[in-house]
Each structure stands twice: as C-alpha cells, then as structure tokens.
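My numbering applies: residue 19 is where the sequence shown begins, and numbers increase by one. All residues carry an ideal CB built from backbone N, CA and C; glycine is no exception. Since this is a predicted model, take the numbers as computed values, not measurements.
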Amino acid sequence: MSSRLDDLSILHGAATPRCRAVVDKRFVGYSSLQCIDRGMVDLWVNQRHWRLEPGWLWPCLPGPRIRFRAATGHEHWSHRYVAVRGPLLESWRREGLWPEEPLPWPPGLDVAAGFDAVLGHLHAGGAWDRRQAANRLEGLLLALVAARRVPGGAPWLSKARQLLAEAPIPIAVTGVAGDCGMPPSTFRRRFTAASGMNPRDYALSARLERARERILQDRAPLAAIAAELGFSDPSYFSRQFRRATGLTPRAYRESRQ
19 MSSRLDDLSI LHGAATPRCR AVVDKRFVGY SSLQCIDRGM VDLWVNQRHW
69 RLEPGWLWPC LPGPRIRFRA ATGHEHWSHR YVAVRGPLLE SWRREGLWPE
119 EPLPWPPGLD VAAGFDAVLG HLHAGGAWDR RQAANRLEGL LLALVAARRV
169 PGGAPWLSKA RQLLAEAPIP IAVTGVAGDC GMPPSTFRRR FTAASGMNPR
219 DYALSARLER ARERILQDRA PLAAIAAELG FSDPSYFSRQ FRRATGLTPR
269 AYRESRQ
C-alpha cells in the first residue's frame, strides 16, 4: 500500500540530554527540525541571531549558513532533532506546516514528547515504523499550526496564493502585493505569517510540486516542462528541483518508472 508519507525520507534523528555540539554548516539537499527543553542555545542564520531558551524549536533549511551551540555561560543543552527530505517536505513548507524561523512551543503542547514519539518509531526498525515516524512528525506539525491559530482562509490570501503559483519566474512580488491591495512590505509580512513561508519561496515551492507531477505524466522534454512552469532557464529549474527533492528532474523521472 502506497502513501503520501512514502514521499518523506527521515534520514536520522536523535535526543541528546547533554548536547555540546557546535554546528556551523549549510544544509544541502535536506532540512532538519531541532528543539531545546533545557539549557540555552545561540543560533545564527546568516547574520540573524536568536538566543533560544527551553521551549523553543527551530528549522535548519537548505541555503543559509546556520550556526548553533550552547549559549555563553552554558556548557550544554537538552537537544532533539530529526532530519528529513523529499517531496512531502516541500509540500509541508508550501502549506505552512514546516516552520521557516524559530518558534516558541505553544502553551499546553509538549513538543519534546512529540519528538520522542517520532524518534521512538524511527529507531524501532519495524516494517511500518518509518511510516509511523513520518505520521507522528506530520501530527506534531499540524498541532503546532493549530496552536498558532493563523487564519488561512482570508480572500486576499487565496488570491495571493493563486497569483504566486501562476506568475512567471522571477516573481514580481510588488505586482502581486498591488493586486492584493497592500504595500509590498505589508504583503510580505502578512503572507509569511499566514503561510509560514515568504512569497518567493511559496511561488517556487508551488512550481516544484507541479513539476513533480508533470515530469511523471509523459516523456515531454524537461526543458519544455521547465518553460511550461515559468522557468526561462532549464539549468536553474534543474538546480532548484534537485535542491528540493535530492534528485535531478531526469533522475526523479527514472526513479518512478
């Protein structure tokens, strides 16, 4: 039996009660979600800095330079993480389920226990445990979104999503903002808060999701598919597709045949 959860690869994960790791890297081809429930962490994403106390989680996304370590004055922290990749991750990002920035745990939601449930299945090794782990992770993400109570059905938001999904690459966010009756800065802020990702990332993610479907429909040339989806540069399309899925468009097509 196939499931959309099969489109998620959980690469690894762990819980470390006294973590002393010093991370300084760019994530390539995958993302991870991290949380802290004791101690304190200094986190940098490029030049942005957060000091995270117990009760925070943060994503590590492909692209920026990401650094984190025990905060000054702390030797270690209680750390949990899970690393994933695959088409379902990109769908989660587009839908606003996967966080784009550090978030505090909502009141009443034990995020550490949620991570432990994911990790328990991940390390159990049974025939169904990988899918159970993916299911638990999706449940945790849904609980986080529900607790944030972000309104998702506003008319302007539906219009913005449609415009972003259909506009050519590169996206003219200023034009979409005007069509939604907002200044660009206001539009970017409100869209990111409601969708969990900024307008440009949403537009790209929507196209890549359609690309996965389109590539498997027939044997159309990949350059033609790229143009059909609004990419004027097939090489750029291929790089972005590989970054999102871990495979080139050609390898993705061949892997599903």
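Query - Residue from L29, R268, G126 and R271 whose Cα sits closest to the Cα of V136 - result: L29
**Report entry** Separation of P35 from R208, as counted between CA atoms
**Finding:** 37 angstroms
Query raised in the report: Which residues bound the beta strand (DSSP E) around I84?
Result: R83 to A88
Report task. Locate the alpha helix (DSSP H) running through H94, then write down its first and last residues. Result -> Bounds of any alpha helix (DSSP H) do not take in H94, whose DSSP letter is neither H nor E.
Query raised in the report: So what does DSSP say about A183, is it helix, strand or coil?
Result: helix
Query raised in the report: Alpha carbon to alpha carbon, how far is L79 from F45?
Result: 6 angstroms
Query raised in the report: What is the residue span of the alpha helix (DSSP H) that G193 lies within?
Result: DSSP places G193 inside the alpha helix (DSSP H), whose first and last residues are V191 to D197.
Query - the region 208–225 contacting the region 122–130, beta-carbon criterion three pairs below 8 angstroms - result: no
Query - C-alpha distance - A32 paired with P201, whole-angstrom precision - result: Separation of A32 and P201 (C-alpha to C-alpha, rounded to the nearest whole angstrom) is 43 angstroms.
Query raised in the report: For the ligand FAD, is there a heavy atom less than 7 angstroms away from the beta-carbon of L121?
Result: No copy of the ligand FAD occurs in the structure displayed, which carries no ligand at all.
Requested in this report: Given a cut-off of 8 angstroms, decide if A229 and I243 are closer than it, judged by their beta-carbon atoms.
Outcome: yes
Query raised in the report: For E156, which residues from the same chain have a beta carbon less than 6 angstroms from its beta carbon, with the 5 sequence-adjacent residues on both sides left out?
Result: The answer is none, since no qualifying residue turns up.
**Report entry** Status (buried if at least 16 other CB within 10 Å, exposed otherwise) for V63
**Finding:** buried
Report task. Taking only the alpha-carbon atoms, compute the straight-line gap between P169 and W76 and give it to the nearest angstrom. Result -> Confidence in P169 is poor, its pLDDT being 48 and thus under 50, which makes the residue's placement unreliable; the coordinate value appears in the next sentence. Taking the straight line joining both Cα atoms gives about 22 angstroms.
Query raised in the report: When DSSP builds the beta bridges, which residues end up paired with R210?
Result: One detail in the question is off: residue 210 reads as Thr in this sequence, not Arg. Its beta-bridge partners do not exist; DSSP assigns none.
Query raised in the report: With a Cβ-Cβ cutoff of 8 angstroms, do G143 and H92 count as a contact?
Result: Remark: C-beta atoms of G143 and H92 do not approach each other more closely than 8 angstroms.
Query - Residue closest to R237, alpha-carbon to alpha-carbon, out of P105, E119, R274 and A145 - result: R274
Query - Continuous alpha helix (DSSP H) stretch holding L247: start and end - result: Annotation for L247: no alpha helix (DSSP H) segment contains it, and DSSP assigns it neither H nor E.
**Report entry** From G138, A39, Y270 and Q258, residue whose alpha carbon lies closest to that of A89
**Finding:** A39
Query - W62 (DSSP reduced to helix, strand or coil) - result: strand
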